[in-house]
Every structure is written in structure tokens, then in C-alpha cells.
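Structure, as C-alpha cells:
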Amino acid sequence: MQVPLRPAWLALAEHARSIKHRHLRELFSADPERFDRFSLCHGKILLDYSKQRLGSQTMGLLRQLAEQSAWRTWVERMRAGEAINHTEGRAVRHVDLRAGAAAPPEVKDALARMADFCEQIHAGQWRGFSGERITDVVNIGIGGSDLGPRMAVHALAAFQHPDLSVHFVSNLDSADLASTLTRLNPRSTLFIIASKTFTTLETMANARTARNWVLAAANDDGAVARHFVAASTNLAATAEFGIAAQNVFEFWDWVGGRFSLWSAIGLPIALAIGFRNFERLLAGAHDMDEHFFNAPAESNLPLTLALVALWNTNFLNAHSHGVFPYSHSLALLPSHLQQLEMESNGKRANRDGLAVDYSTNPILWGEAGTNGQHSFFQLLHQGGALVASDFIALGKSDFPLPGHHSGLLANCLAQSSALAFGQTIEEARAAGIPEHLLAFRRFPGNQPSTTLILPELTPFTLGQLIALYEHKVFCLGVLWNLNSFDQWGVELGKQLAGRLAPCIRDEAPSDALDPSTRGLIKHLRRFRSNPDA
Ligand code: F6P
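For the sequence shown, counting from 1, position 304 maps to 391 in the working numbering; every step adds exactly one.
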């Protein structure tokens, strides 16, 4: 059945007509228990969605929609290893990577190899071509082979191994690799070439340049084996690149790129924080998996996040979703979630290949608090666009300094409160604002938000947090009837870039191109041949 024809969808559309125009002020004053009614706990994580523009009837209908979408059946199909990524004929089994004792043997073997490798690096047993110990690791990868590990390493800076620095290079722009290499010594630098396919243009270009950089210093092809390891599913391509088989950390096609930080793609994380801490990250994710699989719909955190997102997107027409971690360490979380959510559910063909006639994933963006407050929050408060937000806070700081954390938390709560309740003209007048400025001091409020509070930022709680969003994405895919695990939308641009590169180098004619692209190429060619012209 087409999603908008499901009985609960129709009932939600009807219900939205009556609740849509109610203000959060009104919803709170009508129900003093609202915070308790619309907040959930799992372990020490609190999810407060009382500042969302919904009521008990809304949640009841949303849960009916989840039932009518057979969300539990889809969970079981994923867990059973069915090829639910049907356009690529692949299973979706990232939860197996963090299943602990219940993980498949090949996963346990891969983790054991990663543990052994980390031990060799940390103990200084692994030496570079000149006999120096490894002091720097550069992860070369892009998309899912970069964003998740980069975010996790940044988030867990408090757990950073003292003798090893981990760097990330992703961009094809040589400024990325060049600026990283200037700070490094080829004798003590190890590269991880992280690519599921081992064909990605950016990664392979950076990997080749890095190899040349090492070889220029070593003057011996044997140095590659001391300075390059790979995380990949494509063993033929890693061999062709010259990476020794024992230096390849394998994973499998049933691990999607944006869900791959739990696999060998997580090697830079394990190196940065130590393998024991990496295991705690996996354990945190596993804990959230168990919660997701077993908790009833009413207390299920990922399902609730998904249902709230669907309500905001499809019934309140909020097409923008801000993620604001009030944690400097979580500053890269929005970038990771951008790929996780938008590459998964930013789609317009449903599972049957039919064009959907409802909105799918909103635009996700974000910034760490309090920085965002001094940049774009003005628009959220008074700009008029409906933007749904997630505020994420920590019970205690990972880098405590006297006085900072309480101020940070106060700002986090102040922003979500101001967004929800705003300020009326009367309140502004009562606060002593002069008459001629009253119009400028009105805040309409009614911007919906959810607040997530983690007790602290550790490998375990970070694992829980990431898995929470992964399962939210899964649920939304089910509710929107999408395949969340392919990403055909990024292919067209890649193909075009392949065709345009020779035109830019003046090795192929550009006559057949569209007039705008042709004009741009002409301009660039002129500039490249004579930059001073
Ligand atoms: O272009 C999108 C994408 O395929 C992502 O899904 C993926 O995470 C990224 O490219 C990198 O792919 P790979 O790990 O194969 O280099």
C-alpha cells in the first residue's frame, strides 16, 4: 500500500489539521505532566521530546503507522540477514559487527587482527622503513570511510593515546593532503587507506600521492609494507595497489559505508583510543541495538526519534533539521549524521521504484553549541522558517574546567526553551523594552525540539548515541517505504566528473557539453594556461 494511504497516515493528516496551529505554550499549560509524558530513558540517557508539537493522540497514531508499516518485521528481516538492500542485492548487518560474544566468527577474527595491530603500533613494535616507531597515522578515505571515524576520534579526544596522533585526509583538493603531510615525517607515519570499494577517485588519488611521498623518502618499494595498511572489501584492488595481504583489514559488502565505523573502517578509532576503548564503543552500540530490538514501541528511543521526525517532516512541513551538540567534542556529529540520514533517506523512489508523493529526509545540518548561537540561531528565533532541532548535552564535561559546564548547559536549555516558548510583546513590555523596540523583541517560538542528555561522553555512550541515530534512520526508511541502504543519487555526478576531467585538461573536446559547463571550462582553460591574463 502507498504510504500516504495507510489508515494511520490519513488519520494523522486529519489530526494535524487540529493540532498544527497550537502553540507549545498552550500544550504545556494544558498538561503539567507533559515533560514526564513525553520523555524517555534508556539506562542513563534521557530523551525529552516534550517540546515537540504533538500530543498523546499524535504519538498513538504515529505508533499505529509504525505497526501498519510492519517495522518489527523489517527489523527481523534485517537481523535474519535478508538482502533488504534490494537494489544492490545486499544484506544489512552492521549490528553483527558489535554483537560481542554473539558476533559471527569472521567478525571476531577481524577484531582480533585489529587488536593485534593496535598492540604492535602502541608498543612500538611496528617500525617504519628506517626503524623509527610510528607516531602519526593518516586515514585516507571519504564519506563513510572518513566521517564516522573522524567524528569518533574527535569526540573521544579525552581518551586519545598519548604517543600517537591520528589525522584524516579526505578531499581530492591537494590542499588537504599537502597541508597534512607538511607536518609529518615519512619515517614515522603510517597510512590507512580506507575504502570499501577501493576504487573511489578521491581516496585512490590521495593514496597514490601518499605512496609517492613515502617512496621518495625511502627509495625502496619495500617501504610500502611498513607504511600502508588498508581497510577494504576489495582484496584484489588492495593487492594491485601494492598493499601486502597481511596489512589488509577486511570487511564485507553487508556493511554499508555510512554504517562502517564499527568494522575495519574503525581502525583509526582503535588506534587513537586503544582497542579496549574501541570495544567499549562497540558495546555501547550493541546496548542500543538490544534496546531497539526489544523495547516496546512506547519506550523505544530510536523509533520515537523517527516518529517525531516523520511528524515534523510530513505533517508540520518542517524540511530543515538542526543538530546542536552542546559539546565541543561532538562538533563533528552533524557531519556524520548528514551522511547517515541524507544519504540513507534522501530519496524519491520507494522500494518498488515508484516516485513518492511525500517528503522524505529533511535537510540536516548543525553546529556545536554555543558557537551556533552567535551565527545562525537568529534565524531560528525570528526568521520564520520552521526548523526542528535536536539538542544534545552531556551531564558532565569530558574536559572539565571550573565554571564552564554549567554555563554551557544553561545555554543549551535556554535556547530550546526560547525556541519553544518565545517572547510575546506583552512580556517584552513588562521586561522594560521601550515601545519603539517592541516589535523587534518579539519571538514567536513554537519551534519544535528534542533534547538528548548523555550522562558523559565515553566510548560506550558515544556508541549508544551513534547507534540510536542509525536505528532512527532504519525506522524512517521503513515508515517512508525506502531502501535506506543504497546511494544511487551520488553516481551521476561521479560519472560526469569522469567525462569532464579530460575536457578541463584540454585533452577532449567540450562541444557536446551544455553551454554553461562549456563556458566554465573555457574560462578555466584560459586561466590555467595563463593565470595572469
Ligand atoms: O559516493 C558515496 C559513497 O559511496 C559513500 O556511500 C561511501 O561512504 C563513500 O562513497 C566512500 O566509498 P568507499 O569507502 O568505497 O571509498
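Ideal Cβ placement from N, Cα and C applies to all residues, glycine included. As the structure is a prediction and not an experimental result, all values here were calculated from the model.
Just to check my reading of the structure: residue 389 and residue 558 have Cβ atoms closer than 8 Å, yes? What is that Cβ distance to the nearest angstrom? Contact holds; Cβ gap of about 3 Å.
For the ligand F6P, is there any heavy atom lying closer than 7 Å to the beta carbon of residue 283? Of the heavy atoms belonging to the ligand F6P, at least one sits nearer than 7 Å to the Cβ of residue 283.
Mind reading off the beta-carbon distance from residue 183 to residue 194? Whole number of angstroms is fine, and I expect it under 8 Å. Correct: roughly 6 Å between the Cβ atoms.
Beta-carbon contacts of residue 572 that lie in its chain and below 6 Å, excluding the five residues immediately before and after: 172, 179, 343
For the alpha helix (DSSP H) that contains residue 123, what are its first and last residues? 121-124
So what does residue 172 bridge to, in DSSP terms? 177
List the whole-angstrom C-beta distance separating residue 148 from residue 210, where the pair is believed to meet the contact cut-off of C-beta under 8 Å. Contact doesn't hold; Cβ gap of about 57 Å is too wide.
Just the C-alpha distance for residue 264 and residue 354, rounded to the nearest angstrom, thanks. 19 Å
Any chance you could list the alpha helix (DSSP H) runs of at least 4 consecutive residues sitting entirely within the segment 555-620, in chain order? The qualifying runs are 578-591, 602-616.
Any heavy atom of the ligand F6P closer than 7 Å to the Cβ of residue 232? yes
For residue 541 and residue 482, which I take to be in contact (beta-carbon distance under 8 Å), what is that distance rounded to the nearest angstrom? 7 Å
Buried versus exposed call for residue 376 [16 or more other C-beta atoms within 10 Å across all chains shown]: With 16 or more other CB atoms across the displayed protein chains lying within 10 angstroms of its CB, residue 376 is buried.
Under the rule that 16 or more other beta-carbon atoms within 10 Å means buried, what is residue 227, buried or exposed? buried
Could you please give the first and the last residue of the uninterrupted beta strand (DSSP E) stretch that includes residue 281? 276-281
Starting from residue 400, follow the beta strand (DSSP E) in both directions and report where the run begins and ends. Looking at the DSSP string, residue 400 is not in any beta strand (DSSP E), and its letter there is neither H nor E.
Would you call the CB atoms of residue 373 and residue 159 closer than 8 Å? no
Return the first residue and the last residue of the beta strand (DSSP E) that residue 452 is part of. The continuous beta strand (DSSP E) containing residue 452 extends over residues 450-453.
List the residues that DSSP assigns as beta-bridge partners of residue 220. Under DSSP, residue 220 shares a beta bridge with 214.
Residues bridged to residue 510 by DSSP? 530
Is the separation between the beta-carbon of residue 170 and that of residue 177 shorter than 8 Å? yes
Own chain residues within Cβ distance below 7 Å of residue 510, not counting five before or after: 528, 529, 530
Just reading off the alpha helix (DSSP H) that residue 259 is part of, what are its end residues? Neither: residue 259 is in no alpha helix (DSSP H) and is coded neither H nor E.
Report buried or exposed for residue 409, applying the criterion of at least 16 other Cβ atoms within 10 angstroms of its Cβ. buried
Considering Cα atoms alone, identify which of 308, 142, 334 is closest to residue 208. 334
Taking only three categories from DSSP, how would you classify residue 330? Coil, per DSSP.
Just grab the DSSP bridge partners of residue 335 for me. 317
Please name the residue in 613, 281, 329 whose C-alpha comes closest to that of residue 337. It is 281.
Compute every distance between the C-beta of residue 330 and the non-hydrogen atoms of the ligand F6P, then say whether any falls below 7 Å. No, the Cβ of residue 330 stays beyond 7 Å of every heavy atom of the ligand F6P.
Just confirm the distance between the C-beta atoms of residue 67 and residue 386, as a whole number of angstroms; I'd bet it's less than 8 Å. What the structure shows of the chain is the stretch from 88 to 620, and residue 67 is not part of that stretch, so it cannot be assessed.
Report the CB separation of residue 418 from residue 241 in whole angstroms; it is logged as a contact under 8 Å. 7 Å
Measure the alpha-carbon distance for residue 532 versus residue 106 and round it to whole angstroms. 16 Å
Only counting the same chain, and skipping five residues up and downstream in sequence, which positions put a Cβ closer than 6 Å to that of residue 340? So the qualifying residues of the chain are 177, 320.
Return the residue from the list 577, 146, 201 that minimises the CA-CA distance to residue 430. Residue 430 has its Cα closest to that of 577, out of 577, 146, 201.
So the candidates are 244, 222, 273, 266; which of them puts its Cα closest to the Cα of residue 252? 222
Ordered along the chain, which non-local residues of its own chain (more than five positions away) have a Cβ less than 8 Å from that of residue 190? Correct list, in chain order: 183, 184, 198.
With respect to 7 Å, is the separation between the Cβ of residue 290 and the closest non-hydrogen atom of the ligand F6P below this value? yes
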